[in-house]
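Going by the numbering used here, the first residue of the sequence shown is number 6, and it counts up by one from there. Each residue gets a CB set at the ideal place from its N, CA and C atoms; glycine is no exception. Since the structure is predicted, the reported quantities are computational estimates derived from the model, not experimental observations. Comments concern the structure below.
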Amino acid sequence: MKTILVPGGAGFIGSHTLRTLKASGYNVIALDNLSNGHRDSIENTVELLEGDIRDRNFLNTVFKTHSIDAVIHFAAFIEAGESVKAPLAFYENNVAGSLTLLNAMKDAGVDKIVFSSTAAVYGQPENNQKLLEGAKKHPINPYGDSKWMVECMLRDGAAAYGLKSIALRYFNAAGSAPDGGIGERHDPETHLIPLVLDAAMGVRPSIKIFGNDYDTPDGTCIRDYIHVCDLADAHVRALDHLFALDTGELDTGNSASDTETNTGFYDAFNLGNGKGFSVRQVIDTVKEVTGTDFTVENAPRRAGDPAFLVADATKARNALNWRPQYSDLADMVRHAYAFRRRHSSFKAA
Ligand code: UDP
């Protein structure tokens, strides 16, 4: 049985991926400093190593004492707005941390990694069109820059050291496991769906729409929401893809912008449904699913928000045979609502 180390396994997407890995027959070890993750997001069938990816001695011990076959790396700060205020903290955690992890992997002879990247590597799309992986990388905040810098390390590591990697560029992660057992919990919460659910549950007095004068049909921003379980599934498929490279089973079909050497491999895939929903459509869906009404306020635009961010994820569908199971926005909202209702800290005072 192959053993996968999962830094950031106590976070939102990490914890769902742990479940999918276990269900797919992998042995799984989570690693997390619990700065943003939650111990109780890791179910008791998974070992948790508490520590930081910036701590090289800790990582050396982890790789010496466990026989790791590959890494799925989620550990990072994720708030784009926060990254503008504290860029060095983001570069230290996301870039220096990933560099330390990659060096520790290299010295331990672990040559496979699936990396949690983001649509933020593209920055502001030129004209409201779906994004392909080859689109220009012009991040507009340090968060996007930090993720793109790590992708560059992966690309260059393929050619120089035979590193095998896949970067998965998520659009807007949403939903939760359908049983509501694990889900999205950020503190402070800034993401749209959990905030609208808080308004529906009376935990917050209202929801603010950040900008209603964008160049979109209803004037509010359009995003591509993708269910967290579909993201988790894509990670396991990416991992299987990297293991299949060892057996020579794959015609990788890399494009010219990707890197493939005799032994190394780097590729990147967008993960989204390819369908855009506006902020207003999300609010209407929450009203419908929860059967509640609540106050909606118009507020100024939020800095750094592109009007339209939608994936063309054909490449992941073709190369990874990935088929999202929960592409209906109402399902994502329903599952997120189940988790929020179950979790006591979200209940109104
Ligand atoms: N948004 C909003 N009100 C909120 C939170 C978010 O109008 O209270 C908007 C935000 O401006 C963006 C969209 O909802 O257009 C999705 O934002 P989110 O933070 O969930 O994800 P992002 O697209 O920034 O990764």
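The region 149-164 and the region 211-220 do not touch, with fewer than 3 CB-CB distances between them shorter than 8 Å.
Inter-residue distance for E189 and V201 is about 13 Å (C-alpha atoms, whole angstroms). Contact annotation: A179 and A341 have beta-carbon atoms nearer than 8 Å. A304 sits in a strand when the DSSP states are folded into three classes. With a cutoff of 8 Å on beta-carbon distance, D235 and Y331 are scored as near each other. P329 sits buried, since 16 or more C-beta atoms from the chains shown fall within 10 Å of its C-beta.
Take L39, set aside five residues on each side of it, and the residues of its chain with a beta-carbon closer than 7 Å to its own are A15 and E55, in chain order.
Residues of the same chain with a CB within less than 8 Å of the CB of Q129, apart from the 5 flanking positions on each side, are H143, I145 and P311 in chain order.
Taking the Cβ of C226 as the reference point, at least one heavy atom of the ligand UDP falls within a distance shorter than 7 Å. DSSP places L159 inside the alpha helix (DSSP H), whose first and last residues are P147 to Y166. Distance from the CA atom of F176 to the CA atom of Y96, rounded to whole angstroms, is 21 Å. At least one heavy atom of the ligand UDP falls within 7 Å of the beta-carbon of D310. DSSP places V233 inside the alpha helix (DSSP H), whose first and last residues are V233 to D251.
Annotated three-state conformation of E131 is coil, per DSSP. Here I214 is not near A91, since their CB atoms are 8 Å or more apart. In the structure shown, the three-state DSSP call for F270 is strand.
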